[in-house]
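In the UniProt record's numbering, the protein residues as written are 1 to 121. Here the structure comes first, spelled out in structure tokens, and everything after it is commentary.
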């Protein structure tokens with residue numbers, strides 16, 4: 001199972017990779033543009049974990065692009081963000097995100113949420 005982690009903060013990407021890498025094959029990208037390009041090159045993750053605030057293409061736009069593409073639209077998406085407002089959560093869920101976790105997060109909780117989405121996928 002392949003997981004794509006999209007976050008401009010390398011320390012966070014590494015933490016998530018280290019934790020999820022014990023059970024999954026994890027690839028990290030620093031922004032939505034790089035992530036989308038990587039996917040369009042034929043790399044299809046089983047799950048995407050994305051931050052919202054990133055350069056070039058933010059998480060909102062990345063979710064939108066993934067969900068409007070017929071090819072990627074069924075890939076589950078978890079948002080991992082320090083933005084805790086319900087309006088951000090609602091916007092992400094409306095765009096097609098499957099889950100939303102606020103940083104700082106408990107890695108074990110993230111793992112459980114990942115496992116639940118991958119079982120459904």
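Cβ atoms here follow ideal geometry from the backbone N, Cα and C, with glycine treated the same way. Given the structure is predicted, the values throughout are model-derived calculations rather than measurements.
Among the options, which residue has its Cα nearest to the Cα of residue i?
i, options, result
"residue 136", "15, 9, 28 and 10", "Look at the range of the chain in this structure, 1 to 121, and you will see that residue 136 is not part of it."
"residue 76", "85, 62, 9 and 34", "62"
"residue 47", "15, 59, 53 and 24", "24"
"residue 53", "19, 102 and 45", "102"
"residue 43", "51, 4, 97 and 69", "4"
"residue 93", "105, 104 and 80", "80"
"residue 65", "21, 107 and 34", "34"
"residue 13", "107, 89 and 120", "107"
"residue 19", "120, 118, 116 and 109", "109"
"residue 87", "69, 73, 71 and 60", "60"
Since residue i is in the beta strand (DSSP E), which residue starts that stretch and which ends it?
i, result
"residue 63", "First-last for residue 63: 59-68, but that is the alpha helix (DSSP H), not the beta strand (DSSP E)."
"residue 29", "25-29"
"residue 81", "77-81"
"residue 99", "99-102"
"residue 49", "47-50"
Can you round the beta-carbon distance between residue i and residue j to whole angstroms, since I take them to be within the 8 Å contact cut?
i, j, result
"residue 99", "residue 51", "So it is not a contact: roughly 14 Å between Cβ atoms."
"residue 114", "residue 78", "7 Å"
"residue 95", "residue 67", "6 Å"
Taking all protein chains shown into account, decide if residue i is buried (16 or more other Cβ within 10 angstroms of its Cβ) or exposed.
i, result
"residue 58", "buried"
"residue 84", "exposed"
"residue 21", "exposed"
Just curious, the alpha helix (DSSP H) that residue i is in, first and last residue?
i, result
"residue 9", "Element bounds for residue 9: n/a, residue is neither H nor E."
"residue 115", "107-120"
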